[in-house]
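If you're matching positions, the sequence shown starts at 7 in this note's numbering and goes up one per residue. Backbone N, C-alpha and C fix where the C-beta goes; we use that ideal spot for every residue, glycine too. Below: the structure, in structure tokens.
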Amino acid sequence: MQVRGFLPQGSGFPGGPEGTEYIGIAESRWRQQLASLGRTLGAEMVIPFPADDEPRRAVADFLREAQRLLGGNEIDSAMAQVRKALETIRTTSGWNWPTPKKKEDRTAEDRWALIRSALEDQASGALHVDGGTRDYAYSRAEVETLIGMTAALLRIVPVTPGFGQS
7 MQVRGFLPQG
17 SGFPGGPEGT
27 EYIGIAESRW
37 RQQLASLGRT
47 LGAEMVIPFP
57 ADDEPRRAVA
67 DFLREAQRLL
77 GGNEIDSAMA
87 QVRKALETIR
97 TTSGWNWPTP
107 KKKEDRTAED
117 RWALIRSALE
127 DQASGALHVD
137 GGTRDYAYSR
147 AEVETLIGMT
157 AALLRIVPVT
167 PGFGQS
């Protein structure tokens with residue numbers, strides 16, 4: 007196991023040593039522990055942005071609330087928070103609804119708008135009782151997936167200049 011500590015504001019403490027610690031675990035014990043988890047292995051992603059970046063912080067707050075609600079098995083409420091996060095991205099990024107263009111004519115911004123709108127559509131169907139999703143119930147895995155995809159999108163979202171400034 008490698009351990010390195012650093013402050014979120016810095017790239018590391020100058021002169022701070024890195025250390026490697028070896029922990030012996032029998033393979034059979036390790037496999038037993040992994041098997042007991044079932045399909046619950048995960049990955050975490052850090053999305054760095056300045057603390058005073060209000061639009062991104064608002065989206066992150068919605069996503070944290072979605073995770074909290076999901077922890078209490080409140081799936082529909084968690085999905086509503088994901089939708090709020092996506093709506094905030096729409097209003098702050100400049101990636102509004104995509105315009106009808108041929109695929110070859112789409113700019114990078116057009117393509118990100120399509121991705122964002124597809125995520126928002128997926129997060130809103132069952133909650134709005136659309137015709138095609140009237141009897142649909144979101145699963146925990148779907149909410150987790152949309153939380154992750156929205157968080158990943160937040161990493162590259164351009165914030166509209168002047169947002170929140172008077």
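How many whole angstroms separate the CB atoms of residue i and residue j, which I take to be in contact at a CB cut-off of 8 Å?
{"i": "LEU125", "j": "THR156", "result": "6 Å"}
{"i": "TRP103", "j": "ALA119", "result": "7 Å"}
{"i": "LEU69", "j": "ILE162", "result": "Contact flag wrong, Cβ pair sits at about 15 Å."}
{"i": "ILE95", "j": "ARG122", "result": "6 Å"}
{"i": "ALA129", "j": "VAL88", "result": "5 Å"}
By the 10 Å Cβ neighbour count, where 16 or more other Cβ atoms means buried, how is residue i classified, buried or exposed?
{"i": "PRO164", "result": "exposed"}
{"i": "TYR144", "result": "buried"}
{"i": "GLY99", "result": "According to the sequence as given, residue 99 is Ser; it is not Gly. Looking at its Cβ environment, which holds 16 or more other Cβ atoms inside 10 Å, SER99 is buried."}
{"i": "PRO106", "result": "exposed"}
{"i": "LEU40", "result": "exposed"}
For residue i and residue j, what's the separation of their Cα atoms in angstroms?
{"i": "ALA84", "j": "GLY138", "result": "21 Å"}
{"i": "ALA86", "j": "ASP67", "result": "13 Å"}
{"i": "ARG35", "j": "GLU27", "result": "19 Å"}
{"i": "ALA72", "j": "LEU159", "result": "16 Å"}
Can you look up residue i in the DSSP assignment and give me helix, strand or coil?
{"i": "LEU26", "result": "According to the sequence provided, residue 26 is Thr. The question's Leu does not apply to it. Note: THR26 maps to strand in three-state DSSP."}
{"i": "GLU3", "result": "The question about residue 3 has no answer, for the chain in this structure spans 7 to 172."}
{"i": "TRP118", "result": "helix"}
{"i": "ARG131", "result": "The identity of residue 131 in the sequence shown is Gly, whereas the question assumes Arg. The answer is coil: DSSP assigns GLY131 none of H, G, I, E or B."}
{"i": "GLY137", "result": "helix"}
{"i": "GLU80", "result": "coil"}
{"i": "ASP59", "result": "coil"}
{"i": "SER172", "result": "Residue placement at SER172 is poorly supported in this model, since its pLDDT is 35, which falls under 50; the coordinates still yield a value, given next. The answer is coil: DSSP assigns SER172 none of H, G, I, E or B."}
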